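Written below as structure tokens is the structure these notes are about.
Put into structure tokens, the structure is as follows:
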């Protein structure tokens with residue numbers, strides 16, 4: 232009881248020193264907490280990118296790199312070409328986007344039986360290109376300029392397994408009108424259209440959209456989160472496989488280009504990813520953690536800033552706060568030489584004096600931890616309110632480089648990202664508050680207080696009663 236009374240009296244008597252010491256620790260702890268929360272926000276943003284691209288519930292994706300393009304003059308290359316003629320031509324081609332290659336659909340079942348896998352589903356991410364090829368006479372007309380239809384109109388199509396709509400980009404879609412897919416839609420020419428595409432092209436439930444020259448009956452309109460990797464049109468997987476062509480293949484029957492995997496536990500994602508990589512060694516296996524290495528754009532810069540500069544800034548500030556707190560405690564002991572020596576002369580042993588100093592430093596550290604949590608929460612709020620929207624650009628096949636086209640003009644050679652070869656997702660940086668972060672702040676406060684108390688105790692242990700008598704004299 233006397234310990235607490237004396238502790239309270241000393242803290243109140245040295246209010247200024249207590250407040251300054253607590254504030255010094257609070258600034259360091261607050262900065263560490265802010266950086267920790269910002270780093271957690273970057274990790275969440277990386278997970279959001281995965282979910283925006285591949286749907287809520289998808290923990291891992293499996294893709295394959297595109298094979299080399301067919302040689303000029305080969306049968307594969309000739310099958311995809313066209314040339315102007317005497318009559319008008321309308322071309323409607325459904326194929327894989329640049330950078331993405333096909334996978335055997337049997338791989339979906341192989342992956343679904345791996346330990347730690349809750350569910351797996353295959354899908355086809357495709358691009359439909361429609362254009363009107365002008366006739367030779369039209370092109371030879373003076374002043375002729377190609378229209379948008381001559382240049383080509385492209386939209387994205389995803390083949391969805393109607394029996395497994397809980398995985399993949401369609402899992403994040405919210406139905407706004409009509410109905411969704413059911414298991415019986417497997418072989419039907421039915422489509423669900425994204426609301427943005429529907430508004431821009433005058434599509435409504437009950438109307439039709441044309442994909443690869445085939446009319447699909449629109450059964451529903453869906454909405455996706457802003458910045459998500461939504462397709463323009465969703466059709467049954469079997470119909471997408473039958474209509475798509477790729478490098479001489481008349482169809483993609485029995486093939487997918489993306490496998491969406493859900494792990495039975497977040498702690499098993501790493502193990503599942505490694506198991507899939509062993510089963511499919513040539514495929515690209517991507518999780519939210521590995522996706523960080525494949526992302527470019529401002530999100531990658533924010534991740535680097537948080538993990539490098541922010542980390543060392545926080546460590547430096549915390550070390551400085553600990554050093555200042557320790558020096559202040561040692562200095563306070565030096566000013567209390569007469570008091571400590573007198574207590575020793577009255578019978579206090581060294582252990583009791585050190586315990587008293589540790590108690591004072593510990594309380595100061597706890598006050599600093601509370602204030603540091605407040606500073607950290609304020610820093611997190613500033614991150615959420617002031618951080619600009621970030622962008623994340625990912626290749627269609629995350630393990631590969633974004634495909635490029637080369638354009639040559641009178642200014643030289645230019646490398647440009649191939650249209651449809653990548654996704655760009657808009658994400659907002661948050662700073663989530665976690666019990667782990669708050670616990671870290673408390674531990675740092677207590678640790679800083681104990682460290683300062685240990686230095687003060689070491690200084691006090693070396694004092695002798697005779698020193699106090701000298702000071703009194």
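In the numbering used here, the protein residues as written are 232 to 704. All residues carry an ideal CB built from backbone N, CA and C; glycine is no exception. All figures in this text were calculated on a predicted structure; none of them were measured in a lab.
Skipping 5 residues on each side, what residues in its chain have a beta carbon closer than 7 Å to that of residue i?
i, result
"residue 455", "403, 404, 425, 461"
"residue 672", "260, 264, 600, 603, 604, 607"
"residue 611", "265, 268, 662, 664"
"residue 417", "393, 467, 469"
"residue 413", "393"
Is residue i buried or exposed, if buried means 16 or more other CB atoms sit within 10 Å of its CB?
i, result
"residue 292", "buried"
"residue 435", "exposed"
"residue 441", "exposed"
"residue 320", "exposed"
"residue 583", "exposed"
"residue 500", "buried"
"residue 490", "buried"
"residue 446", "exposed"
"residue 645", "With a pLDDT of only 48 at residue 645, under the threshold of 50, the placement of this residue in the model should not be trusted; the figure read from the coordinates follows. By the 10 Å Cβ count, residue 645 comes out exposed."
"residue 310", "For residue 310, the pLDDT reaches just 49, beneath the cut-off of 50, and the residue's location in the model is therefore unreliable, although a value from the coordinates is still provided. Per the 10 Å Cβ criterion, exposed."
"residue 704", "Note that residue 704 scores 48 on pLDDT, short of 50, meaning its location in the model is unreliable; the coordinates nonetheless yield the value given after this. By the 10 Å Cβ count, residue 704 comes out exposed."
"residue 236", "exposed"
"residue 427", "exposed"
"residue 206", "With the chain running from 232 to 704 in the structure shown, residue 206 is simply not present."
What span of residues does the beta strand (DSSP E) with residue i cover, start to end?
i, result
"residue 352", "348 to 364"
"residue 294", "291 to 296"
"residue 322", "320 to 326"
"residue 490", "489 to 494"
"residue 406", "405 to 409"
"residue 386", "384 to 391"
"residue 454", "445 to 454"
"residue 482", "Here residue 482 belongs to no beta strand (DSSP E), and DSSP marks it neither H nor E."
"residue 230", "A question about residue 230 goes unanswered here, because the residues of the chain that appear run from 232 up to 704."
Just the Cα atoms here: how many angstroms apart are residue i and residue j?
i, j, result
"residue 407", "residue 266", "40 Å"
"residue 343", "residue 365", "48 Å"
"residue 443", "residue 517", "30 Å"
"residue 251", "residue 258", "11 Å"
"residue 504", "residue 519", "11 Å"
"residue 593", "residue 261", "18 Å"
"residue 621", "residue 569", "60 Å"
"residue 244", "residue 674", "26 Å"
"residue 247", "residue 254", "11 Å"
"residue 619", "residue 682", "39 Å"
"residue 308", "residue 329", "The predicted model places residue 308 with a pLDDT of 49, which falls under 50 and marks its position as unreliable, so this point remains unresolved."
"residue 356", "residue 399", "10 Å"
"residue 493", "residue 476", "29 Å"
"residue 340", "residue 349", "12 Å"
"residue 487", "residue 448", "23 Å"
"residue 580", "residue 574", "8 Å"
"residue 556", "residue 679", "8 Å"
"residue 275", "residue 289", "14 Å"
"residue 361", "residue 335", "27 Å"
"residue 410", "residue 432", "20 Å"
"residue 513", "residue 550", "47 Å"
"residue 521", "residue 484", "30 Å"
"residue 740", "residue 666", "Within the shown structure, residues of the chain are numbered from 232 to 704, placing residue 740 beyond reach of any answer."
"residue 515", "residue 554", "48 Å"
"residue 546", "residue 256", "12 Å"
Following the continuous alpha helix (DSSP H) through residue i, name the residue where it begins and the one where it ends.
i, result
"residue 606", "581 to 617"
"residue 507", "500 to 510"
"residue 438", "No alpha helix (DSSP H) holds residue 438; DSSP gives it neither H nor E."
"residue 474", "468 to 474"
"residue 430", "426 to 432"
"residue 339", "337 to 343"
Once you ignore the five residues that flank residue i on each side, which residues in its own chain have a CB closer than 6 Å to its CB?
i, result
"residue 502", "347"
"residue 685", "none"
"residue 386", "359, 463"
"residue 415", "none"
"residue 323", "361, 443, 444"
"residue 278", "519"
Please list, in chain order, all residues of the same chain as residue i whose beta carbon is under 8 Å from its beta carbon, the five residues on each side excluded.
i, result
"residue 677", "593, 596, 597, 600"
"residue 668", "264, 267, 268, 271, 607"
"residue 495", "347, 348, 349"
Just checking, does the region 659 to 674 make contact with the region 613 to 622 on the three C-beta pairs under 8 Å criterion? Yes, since at least three Cβ pairs between the region 659 to 674 and the region 613 to 622 fall closer than 8 Å, the two stretches touch.
Report yes or no: do the region 504 to 519 and the region 384 to 392 share at least 3 C-beta pairs separated by less than 8 Å? Three or more Cβ pairs closer than 8 Å define a contact, and the region 504 to 519 falls short of that threshold against the region 384 to 392.
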